[in-house]
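Residue numbers (the UniProt record's numbering), protein chains in the order written: chain V, 1 to 415; chain Z, 1 to 415.
We treat Cβ as the ideally placed atom computed from N, Cα and C, and that holds for glycine.
Written out below as structure tokens is the structure these notes cover.
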């Protein structure tokens, strides 16, 4: 018999719907020495920039006397100034007040704090679907929120309309989980697209009109390499976000530093920052790591050249993979940002169902040893979509995986 | 008008009832150059061991390739092995399985995870009062638990009986907040006492009999210097804790590393560890800090001599301060562990009320520039108690504070 609470029992499960497969794929990964290993395209991690960062991290790591003691749990004053300077320079384009910034143990922890502070247990956030799988945990596991999808379709290039927001809001109300927030990932995971300036403006206006908090997760803000322009909500609002607009940033994606556990909240809502202050004790970053990351962020010339180099690598990989997949006749969303190509294999499904999608996904995994993030895990409303994360493996592995995908598709087409 | 949720609005307050006073005292602290500054005895921090640790931390800090990427959020396998080895050697005395250990961003975050996993919102934990102020936040702010005090009295040396546990359990039930856990701080904050072996055994038995989880916060396990023997629940149970007994440890107190944000959960309850695994993503420690702290913990000779030296310092300070206070006729609990002397000034109160205690506390702060943790903040059931934390200031400041206390008391007695 369980000794846990009901909510505790709800936590006894895999952290992701494809966790087991991902563990298998990572423990037997393809390499030049293991040509029969798996190619794991399911992890949104960027391992391309590790080499250029490691020495810099060593240089920035300094033991300082004040590391040892209690300090502001949402980030030391110096660290928050360094973050503010970094955001100013690379994203916002205007002055960022360090008192509007909080640093915590990853963007997931940041979103969890917002969930608690802005919503009751049993309320909801609206979110354009397909969406990043992890949002379910960030808002649901402890804060107890539901995520209510806003419809968007591939045929409209996954754009969002005012009507789809209104519809989702009404649906949330009907389902007894009233919406308090709209959660937007921009640049968008899993599509790799960026929302247009007018789309962002529309969403901001809609939030303000409806007194719904707009949370803009911009964790990929500095991983933009394609044709779409990235329009940060901080710029679209002229850095005058007011009480209903908040932005999230982090180091896990743009710097490939997921092991350092660094996320930032940028909000001008004072009352909210006070509620964040109270919670930040439960997800604080070690002062040692604050010093290291603060040193990194405040070296403007390094940051500028790092971001440039990183995006050149992403563009190179993305262009190469996209070209091969498209040459193989595979339907892909052309990405502008992030580490993924969102692709469609519905032509190979027996039926237009989640079960068929799952079966196809498992066949590719078992027969070709290629692992995608499946569309059902991203709450895709259309079946047959898969997220292919290309930056967590090296280029050889990426190309091997690409060949396997195309061979798999061709073999299926012949049947 | 507030834009936050009800629970968010509940977070808009100071993190401690004496936060403002503590900030004032710290920003104008007594020193040889500032002889008119405040002596802040309200912070349970140990700054005595900083000098012996700093070089060791520098030596242990290494940038390793796998710092950069996602890993087990409750601690890398290597780190959890290092923690297990440290606990084995210094506390448990028997083999600790690393899979029973979780490392997260501070013991507060650890207790918060247990609160979510073991209790529903609106349920409660029983706790011997007076108790550490921060427990209210750890269990209440986000998990939504009530803390229901078990009575204990100075005249019985703050011991706990089976009857007081039964009473508290019934009271919790009556108040509509049924108890799911018993939260014990051992060594005890704020009294500085250790529970006897038979007391710990009684509490373990009571928990098992009542199917109530016993959470033993042993964050001061290696800060024991006095006459009481410390009886870790891990030893009392012969390291066979079962599903209903769990222990917490950390680096903030025994190593004075509160800025590193390191707490450990030790539990043999597999289902609970699974629920912790899910939550650990929201309070993970940076891999950089895991490597540094792991290196420190696995150097057994260093650890042994550090703990010995640290406890000699604590004993020296505690003995000196206690002697002076007692010579001044001030009633003190004789501590065996931790950084505090729990002392009683009720003789100076106008009435036996919380208001009188508060007034006395503020007089000492305003007139003598000495700040204690007040008894009301520790939910003391008897008025007039104060926690005097002696290890966050240097010995000169401690003695200056001591003189001021005695002068204050003597002046009041003459009136």
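Would you say residue i lies against chain Z (beta-carbon separation less than 8 Å)?
{"i": "residue 325/V", "result": "no"}
{"i": "residue 243/V", "result": "yes"}
{"i": "residue 259/V", "result": "yes"}
{"i": "residue 237/V", "result": "no"}
{"i": "residue 202/V", "result": "no"}
{"i": "residue 174/V", "result": "no"}
{"i": "residue 15/V", "result": "yes"}
{"i": "residue 278/V", "result": "yes"}
{"i": "residue 71/V", "result": "yes"}
If we cut at 8 Å on Cβ distances, does residue i have a partner in chain V?
{"i": "residue 267/Z", "result": "no"}
{"i": "residue 373/Z", "result": "no"}
{"i": "residue 281/Z", "result": "yes"}
{"i": "residue 287/Z", "result": "yes"}
{"i": "residue 292/Z", "result": "yes"}
{"i": "residue 102/Z", "result": "no"}
{"i": "residue 12/Z", "result": "yes"}
{"i": "residue 272/Z", "result": "yes"}
{"i": "residue 229/Z", "result": "no"}
{"i": "residue 98/Z", "result": "no"}
Which residues share a DSSP beta bridge with residue i?
{"i": "residue 370/Z", "result": "39/Z"}
{"i": "residue 217/Z", "result": "185/Z and 248/Z"}
{"i": "residue 263/Z", "result": "104/Z and 250/Z"}
{"i": "residue 31/Z", "result": "34/Z"}
{"i": "residue 344/Z", "result": "331/Z and 385/Z"}
{"i": "residue 337/Z", "result": "224/Z"}
{"i": "residue 179/V", "result": "124/V"}
Residue range of the beta strand (DSSP E) that residue i falls in?
{"i": "residue 125/V", "result": "124-128"}
{"i": "residue 207/V", "result": "First-last for residue 207/V: 197-210, but that is the alpha helix (DSSP H), not the beta strand (DSSP E)."}
{"i": "residue 147/V", "result": "146-150"}
{"i": "residue 416/V", "result": "Outside the displayed span of chain V (1 to 415) sits residue 416/V, for which this structure offers no information."}
Starting from residue i, trace the alpha helix (DSSP H) in both directions and tell me its first and last residue.
{"i": "residue 8/Z", "result": "6-9"}
{"i": "residue 137/Z", "result": "135-140"}
{"i": "residue 410/V", "result": "395-414"}
{"i": "residue 170/V", "result": "162-174"}
{"i": "residue 52/V", "result": "50-60"}
{"i": "residue 288/V", "result": "287-297"}
{"i": "residue 85/Z", "result": "77-87"}
{"i": "residue 234/Z", "result": "233-236"}
Taking a contact to mean a Cβ-Cβ separation below 8 Å, would you say residue i touches residue j in this structure?
{"i": "residue 281/Z", "j": "residue 258/V", "result": "no"}
{"i": "residue 374/V", "j": "residue 18/V", "result": "yes"}
{"i": "residue 341/Z", "j": "residue 390/Z", "result": "yes"}
{"i": "residue 113/Z", "j": "residue 284/Z", "result": "no"}
{"i": "residue 264/V", "j": "residue 249/V", "result": "yes"}
{"i": "residue 362/V", "j": "residue 384/V", "result": "no"}
{"i": "residue 324/Z", "j": "residue 406/Z", "result": "yes"}
{"i": "residue 293/Z", "j": "residue 241/Z", "result": "no"}
{"i": "residue 314/Z", "j": "residue 244/Z", "result": "no"}
{"i": "residue 154/V", "j": "residue 382/V", "result": "yes"}
{"i": "residue 326/V", "j": "residue 75/V", "result": "no"}
{"i": "residue 219/V", "j": "residue 183/V", "result": "no"}
{"i": "residue 420/Z", "j": "residue 369/Z", "result": "Given a span of 1 to 415 for chain Z in the structure shown, any question on residue 420/Z remains unanswerable."}
{"i": "residue 149/V", "j": "residue 168/V", "result": "yes"}
{"i": "residue 79/V", "j": "residue 61/V", "result": "no"}
{"i": "residue 262/Z", "j": "residue 203/Z", "result": "no"}
Here's a check: name, in chain order, each residue in its chain whose Cβ is nearer than 6 Å to the Cβ of residue i, leaving out the five neighbours to either side.
{"i": "residue 26/Z", "result": "40"}
{"i": "residue 307/V", "result": "222"}
{"i": "residue 380/Z", "result": "130"}
{"i": "residue 46/Z", "result": "256, 339 and 391"}
At a threshold of 7 Å, does residue i count as lining the ligand MG (C-beta to nearest heavy atom)?
{"i": "residue 187/Z", "result": "Inclusion of the ligand MG in the displayed structure is not the case, the ligand content being empty and no account of it being possible."}
Leaving out the 5 sequence neighbours to the left and right, which residues in its chain are closer than 7 Å to residue i when beta-carbon positions are compared?
{"i": "residue 387/Z", "result": "190, 340, 342, 372, 373 and 378"}
{"i": "residue 145/V", "result": "115, 119, 123, 124, 125 and 139"}
Can you list, in chain order, the residues of its chain whose CB lies under 8 Å from that of residue i, leaving out five sequence neighbours each side?
{"i": "residue 100/Z", "result": "84, 266, 267, 268 and 273"}
{"i": "residue 81/Z", "result": "98"}
{"i": "residue 447/Z", "result": "There is simply no residue 447/Z to check, as chain Z begins at 1 and stops at 415 in what is shown."}
{"i": "residue 59/Z", "result": "295"}
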